[in-house]
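Novice: Taking full-length UniProt numbering, the leading residue of the sequence shown gets 1, the next gets one more, and so forth.
Right, I'll just put the structure down here and ask away after.
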Amino acid sequence: MKTRTLFRPVAPVPPRIRGSRLEAIRGVLRSDFSHFPERAYRRGIYSVPVIRRRVHMPTGPDIVRRVLVEEQANFPKSRVMQRLLEPLIGQSMFLTNGSHWARQRRMVDPTLELSRLKAFLPLMQAAVDEMMDRLRMEVGKPVDIEQETMRVTADILCRTVFSEQVPNGFVDELSAAFRRYQALTPAFIGLEMAMLPRWCLPLHAIRARREGQRIRSLLRPLISERIRAMAEGQHPEDLLSALVDAEDPETGHRFTEEELVDEVAFFFLAGHETTASALSWSFYLIANDRTAQALAAEEIAREIPGGKADFSALRKLRYNRDIWREALRLYPPVTTYIRDVATACPLGNESVETRDLVAVTPWLIQRSPRNWSHPELFDPDRFSTAKGKASMRAAYVPFNTGPRVCSGAAFATQETLLIMAEVLGTFVIHPIEGREPEPVAWLTQRARNGIWLRLELR
Ligand code: HEM
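As structure tokens, then:
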């Protein structure tokens, strides 16, 4: 059988050897992974000194498993993340540990279960219809697909959390405030890594608090209004009602109004840019692989002949799902998840101390030639081979794994497949010469100047 030439998507070429400390700092500030040398991808664990502590990045499946699953109590959510995000998401489940987190998880998980996702489909479809109207106006012109995916995923979250009741301009205002908050995070991460106090960046700290408060004050009135409406017997079928109703089966606890603001703000943080990022990279990848794009479009025409997907049709889009999986492997939206170390211990060949950090970095794990064959190439077919399936079980963590695995993975997959079905069923997507995206690892994996593509009506 003739093998086809696989597309090599854009990524920095790792230097052979580790550069100087200055080069490493430049790399961190550029946030583009260009400073990771080859051995960062090949070793079981890669450790770098950062002023007063060391940061350990495991890539070996056994070590990753120890951190995320087997010994996860020894590697709690880091205070770095807590200080970074607390002004925005308070004490949401993303930041807590131990019994507090376990209670939140017991309450939040049922709000995202499969039967509810089915009910969300019409709400998602309404947002996608508006996106399609916008995209039809852009046919033939260069379009920044990242902007469009950001907008539609924010719209989907607004509709699934609040039904239709958001004020005009709310989605855009909320997304802009989240963007401004995100822009402050690289400087804070650098500060925290070096164990320097916040007052080293006083203006950043003031702006973070201000943006956090702005986002929370946009959400709070909608939440208070809902609590009042539900007390009067109304019950819209959306995520907010499910959160207001949530009750911990073990303690009987229900979310207070402030806790609801924490969780809803976190849902926007967790579920908006992440999905948008992987979607826009999926479109970039298939724009550059005509064969994969044709196969994806054929599958959509076959499984959704009427043009509008229902819940069961989406689940049949296996090839489209594998394109999405491959985008999540090559450009994992959550670039790093950071853990503290409760008790010093050996990890691979390293001794890990309590002042150190463990930074689980899916980019390194999922691009390691120890874990994946031809890791730098776009190959959605890999997931149907025995080797690819084994790699997926061992070294595929875009949604984390173990007890803290993402609660919204099925939600994200559903909205993604819905959007892919509409876009690829309607348009052929072309790359634009000279406008290669440049991956950058901010809070999510983004492209520095957007992802520019051209749409043609099919
Ligand atoms: C492609 C899209 C997404 C990706 C790649 C993603 C990835 C992740 C990752 C890596 C974590 C764990 C972080 C850590 O352990 O430090 C996480 C946690 C979480 N995600 Fe997602 N996520 C996505 C979409 C969503 C959506 C749409 C929602 C909800 C609507 C959501 C809800 C959550 C929640 C509630 C947690 C916290 C789990 C816990 O701490 O127990 N995510 N996500």
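Don't be surprised by glycine CBs; every beta carbon is placed ideally from N, CA and C.
From residue 472 to residue 142, what does the alpha carbon distance come to, in whole angstroms?
Specialist: Past the edges of the chain, shown from 1 to 458, lies residue 472, and the structure says nothing about it.
Novice: Would you check if there are 3 or more beta carbon pairs closer than 8 Å linking the stretch 241-258 to the stretch 58-75?
Specialist: No contact exists between the stretch 241-258 and the stretch 58-75.
Novice: Among the candidates 132, 289, 221, whose CA atom is the shortest distance from the CA of residue 380?
Specialist: Cα-wise, what sits closest to residue 380 is 289.
Novice: Under the criterion of a Cβ to heavy atom distance below 6 Å, does residue 345 qualify as lining the ligand HEM?
Specialist: Checking every heavy atom of the ligand HEM against the Cβ of residue 345, none is found closer than 6 Å.
Novice: Let me know the alpha helix (DSSP H) ranges lying completely inside the stretch 151-221, each 4 residues or longer, listed in chain order.
Specialist: With a minimum length of 4 residues, the continuous alpha helix (DSSP H) runs that stay inside the stretch 151-221 are 170-193.
Novice: Taking 6 Å as the cut-off, is the C-beta of residue 396 nearer than that to any heavy atom in the ligand HEM?
Specialist: No - the ligand HEM has no heavy atom lying nearer than 6 Å to the Cβ of residue 396.
Novice: Could you tell me if the beta carbon of residue 333 falls within a distance shorter than 6 Å of some heavy atom in the ligand HEM?
Specialist: Result yes, Cβ under 6 Å from the ligand HEM.
Novice: Closest by CA to residue 236, which one among 363, 260, 162?
Specialist: For the residues 363, 260, 162, the minimum Cα distance to residue 236 belongs to 162.
Novice: Can we count residue 120 as close to the ligand HEM, meaning its CB is less than 6 Å from some heavy atom?
Specialist: No; taking the cut-off as 6 Å, the Cβ of residue 120 has no heavy atom of the ligand HEM nearer than that.
Novice: Could you tell me if the beta carbon of residue 220 falls within a distance shorter than 6 Å of some heavy atom in the ligand HEM?
Specialist: For the ligand HEM, not one heavy atom lies less than 6 Å from the Cβ of residue 220.
Novice: Check whether the Cβ atoms of residue 45 and residue 348 sit closer than 7 Å, and answer yes or no.
Specialist: Going by C-beta atoms, residue 45 is nearer than 7 Å to residue 348.
Novice: Of the residues 96, 58, 111, 16, which one's Cα is nearest the Cα of residue 462?
Specialist: In this structure the chain extends from 1 to 458, so residue 462 is not present and cannot be described.
Novice: If residue 328 sits next to residue 431, beta carbons under 8 Å apart, how far is it from one beta carbon to the other, in whole angstroms?
Specialist: Incorrect: roughly 20 Å between the Cβ atoms, too far for contact.
Novice: Going by DSSP in three states, residue 254 sits in which element: helix, strand or coil?
Specialist: Three-state result, residue 254: strand.
Novice: Can you check whether the CB of residue 157 is closer than 7 Å to the CB of residue 268?
Specialist: The answer is yes: Cβ separation under 7 Å.
Novice: Starting from residue 81, follow the alpha helix (DSSP H) in both directions and report where the run begins and ends.
Specialist: Taken as a continuous stretch (DSSP letters only), the alpha helix (DSSP H) holding residue 81 covers 79-89.
Novice: State buried or exposed for residue 87, treating a residue as buried only when at least 16 other CB atoms are found within 10 Å of its CB.
Specialist: That one is buried.
Novice: Extract the residue ranges of the alpha helix (DSSP H) inside the stretch 6-77, only unbroken runs of 4 or more that lie entirely within it.
Specialist: Runs of the alpha helix (DSSP H) inside the stretch 6-77: 21-30, 38-42, 61-65.
Novice: Output needed for residue 96: all residues of its chain with C-beta closer than 8 Å, excluding positions within five of it in sequence on either side, in chain order.
Specialist: Excluding residues within five positions, the ones whose Cβ falls inside 8 Å are 77, 104.
Novice: Check whether the Cβ atoms of residue 411 and residue 458 sit closer than 7 Å, and answer yes or no.
Specialist: No.
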